[in-house]
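Before any comments, here is the structure.
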Amino acid sequence: MNEFDDIQERLTRLYPSLPPTLQRAGAYMLENPGAIATQSMRRIAEHSGIALPNFARLAKSLGFDTYNELREVYRQRVTGGALPGYPERAEGLQSSGKTSGDEAIWAQFRDSALANVASVFARIDPVTIAEVAETLLSKNTIYVAGMQASYPFANYLAYVGGMVAGKIRLLGRRGGIIADDLVDIGPGDALVCLAIQPCARLTVQVAELAYERDSYVVGITDSLASPLAPYCSKVLVTSCTSPLFFESYVGSTAILELLIGFMTLRAGHEAIDRISEIETDRRRLGEYWNTERDGASK
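Residue 1317 is where the sequence shown starts when you use this note's numbering, and the numbers rise one by one after that.
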C-alpha cells in the first residue's frame, strides 16, 4: 500500500473517534484529495467553511508534524509519484509476454477491462448519474473538453450526445483554439471534462476557468486525487488499469454511455424528434454505406 492510500485508510479508521470539528476536516480530506493536493490551506478553509487550525490538528492526529508534510503526500499522488513511464510499461509488457505467453496476456487484458467497467457501476449509482444528466440538460450550453488521448472520447460524447441535445459543444475543434470557444461560458452553462492521469494540462486549465465562472463542471477521471477534481461540481471516477503501456479508456467509455443514456431518458420527445431528423438527413445525404448503391464489399 502506498503512503497516500495508507493515510486515507488510517483517516477512515480514525474518523469515528475524532471530535466533531476534526470529523468535518477529515470528511473533507477523504472526499476532496485533489483539493488538498493543489490548493492552499487558506483557500480550502474558505471553500469548506472549516477553520485553518483544524487541518493542522488533523495532520498531527495522523502522525505528521505539520499540515504541509501531509499535503506533500497528496501532492505527490497527484503529480504521479514514482509511477513508471510509458517506455518502462511497454518494456514490462514485452517481458511479461516472453514469460507468460499470449493466452495469459489475453486473460490479463480481459480481466482488467471487466474490472474497469465494474468499477464504474460500483462507484456511480443511478441517483448520481441521473442527477448529473438532469443538471446538464438544464444548462444553456454543455461544453466538452478532452485533450490528447481523451480527445476522441470527448468527441464521442459530443457526437452521440449531440443527437440528444443540440446544446453540446466540443472544445478544440478549430485547430486547438480553446479560448475563443469559452468566451461566453458562465453560471448558466456546464462543462464536461475527461482527463486520465497524467492529465492534460490544458484540460485542467479549462476546468479551472469554468469553475471560476461558476459553471457546472463534471469531471470524468481516474481518482478523486486528480488535479481535475478541485474544479469539479461532480467527479465521476473509473479505474483505468491495463496490461497495456497506456491507460485504459474502457471505464471512461462506460461512463459516457451512462451519461448519454440518462440524458436521453430525461430529454423528452424533443430528443426523439431530433434523433429522427438527424437520421433522416443522414440517409438523404447518403452518409451510410448502401450495398445496392455502393456495390458489394470486396
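Ideal Cβ positions, reconstructed from N, Cα and C, are used throughout, including at glycine. All of these numbers come straight from a predicted model, not from anything done at the bench.
What does a CB cutoff of less than 7 Å around Q1424 pick up in its chain, not counting 5 residues either side in sequence? Beyond the five residues adjoining it in sequence on each side, Q1424 comes within less than 7 Å, by CB distance, of P1559 in the same chain, given in chain order.
Which stretch, first to last residue, makes up the alpha helix (DSSP H) that contains K1376? Where K1376 is concerned, the enclosing alpha helix (DSSP H) stretches over 1368-1377.
At least three beta-carbon pairs within less than 8 Å, the region 1341-1352 to the region 1532-1551: The answer is yes - the region 1532-1551 touches the region 1341-1352, with three or more Cβ pairs under 8 Å.
A1461, enclosing beta strand (DSSP E) - first and last residue: Secondary structure note for A1461: its beta strand (DSSP E) is the uninterrupted segment 1458-1461.
Can a CB atom of chain D be found closer than 8 Å to the CB of L1486? In the structure shown, chain D cannot be found, because there is only a single protein chain.
Can you name, in chain order, every residue of its own chain whose Cβ lies under 6 Å from the Cβ of A1523, other than the five neighbours on each side? The residues C1509, V1533, L1544, Y1547, in chain order, have a CB closer than 6 Å to that of A1523 in the same chain once the five nearest residues on each side in sequence are set aside.
Check each candidate in E1586, D1321, G1478, T1580 and name the one with the smallest Cα separation from A1446. Ranking the options by Cα distance to A1446, first place goes to T1580.
Indicate the three-state DSSP secondary structure (helix, strand or coil) for T1596 in the structure shown. Of the three classes helix, strand and coil, the one that applies to T1596 here is helix, per DSSP.
Closest Cα partner of I1576 within the set F1469, E1419, N1370, G1502: Residue F1469 is the option with its Cα nearest to I1576.
Under a three-way DSSP split, which group does G1602 fall into? The answer is coil: DSSP assigns G1602 none of H, G, I, E or B.
To the nearest angstrom, how far is it from the Cα of Y1283 to the Cα of A1372? Any question about residue 1283 goes unanswered here, given that the chain covers just 1317 to 1614.
Measuring CA to CA, which of R1405, P1403, G1365, M1357 is closest to T1382? When each option's Cα is compared against that of T1382, the closest is M1357.
Please go through the same chain and pick out, in chain order, the residues whose beta-carbon is closer than 7 Å to the beta-carbon of N1484, but skip the five residues on each side of it. Per the sequence shown, residue 1484 should be read as Ile rather than Asn. If the five residues before and after I1484 are omitted, its C-beta is found closer than 7 Å to the C-beta atoms of I1458, V1460, A1474, G1477, G1478, all from its own chain and listed in chain order.
Assuming T1569 and V1553 are in contact, meaning their beta carbons sit under 8 Å apart, how far apart are those beta carbons, in whole angstroms? Approximately 14 Å separates the beta-carbon atoms of T1569 and V1553; this is outside 8 Å, ruling out the contact.
For L1540, does the three-state DSSP call read helix, strand or coil? In the structure shown, L1540 sits in coil (DSSP, three-state: anything other than H, G, I, E or B).
Below 8 Å on the Cβ atoms is my contact criterion, and I expect R1326 with L1378 to pass it. Report the Cβ-Cβ distance as a whole number of Å. A Cβ-Cβ distance of about 6 Å is found for the pair R1326 and L1378, placing them in contact under the 8 Å criterion.
Rounding to the nearest angstrom, what Cα-Cα distance links A1398 and N1318 in this structure? Bear in mind that a pLDDT of 47 at A1398, under 50, signals an unreliable position, so the model cannot answer this.
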